[in-house]
Amino acid sequence: MAKNKTHETTENVEDFIASFANTEQKRQDSFELIKIMQDLTGFEPKMWGPSIIGFGSYHYRYESGHEGDMPLIGFSPRKNAISLYVFTGKEEHEYLLKDLGSFRKGKSCIYINKLSDINRDELKKLSRETIKFLNSEYGKNST
Numbered sequence: 018m019a020k021n022k023t024h025e026t027t028e029n030v031e032d033f034i035a036s037f038a039n040t041e042q043k044r045q046d047s048f049e050l051i052k053i054m055q056d057l058t059g060f061e062p063k064m065w066g067p068s069i070i071g072f073g074s075y076h077y078r079y080e081s082g083h084e085g086d087m088p089l090i091g092f093s094p095r096k097n098a099i100s101l102y103v104f105t106g107k108e109e110h111e112y113l114l115k116d117l118g119s120f121r122k123g124k125s126c127i128y129i130n131k132l133s134d135i136n137r138d139e140l141k142k143l144s145r146e147t148i149k150f151l152n153s154e155y156g157k158n159s160t
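Just so we're aligned, residue 18 is where the sequence shown starts under our numbering, counting upward by one.
This is the structure we're talking about:
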């Protein structure tokens, strides 16, 4: 079975932002997202893989036997957009996106150009519901 590429590392989050976020706006948004997500979760930011900043973690196991650890919520200040890992991707949670603002959606990822494009209160609500779902689905084994 393939090994997960995304796992917690010891890389420095601030150094990553300084070197990876390609605009001053993206750096500012990254530090604001850290504050928001840290306040929501109570967890320090950690690097996951080469480019994801995550908060807390949970352990998943699929029926196929594939298992691993992922952050409860997180983000990555990628070149074209900021990727927010704050959505379950479940149809029953689509209503949480209604008042979020301007974004594009992947399977379980939300892409924004800048933080001011979305409503921060709605982002917090979405993040809280995602954390609640993950704790319910995978057990409150998050760290």
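All C-beta atoms, glycine included, are put in the ideal place defined by N, C-alpha and C.
Of the residues Tyr75, Asn39 and Glu28, which one's Cα is nearest the Cα of Gly85?
Tyr75
Considering only the alpha carbon of each residue, which of Asp138, Ser144 and Ser93 lies closest to Asn130?
Ser93
Can you give me the Cβ contacts of Ala35 inside the same chain, cut-off strictly under 8 Å, excluding the 5 residues immediately before and after it?
Arg44
Measuring alpha carbon to alpha carbon, tell me which residue in Met54, Thr40 and Val103 is nearest Thr147.
Val103
Can the beta-carbon of Gly71 be found less than 9 Å from the beta-carbon of Met87?
yes
Nearest-angstrom beta carbon gap, Met54 and Ser125 [assumed within contact, 8 Å]
Their Cβ separation, rounded to whole angstroms, is 16 Å, which puts Ser125 and Met54 out of contact at 8 Å.
At what residues does the alpha helix (DSSP H) containing Glu5 begin and finish?
Shown here, the chain extends from 18 to 160; a query on residue 5 therefore has no answer.
Can you list, in chain order, the stretches of the alpha helix (DSSP H) that have 4 or more residues and sit fully within the region 99-128?
none
Please state the DSSP three-state secondary structure of Tyr79.
coil
Pick from Arg95, Glu80, Phe48 and Leu113: whose alpha carbon is nearest that of Phe150?
Leu113
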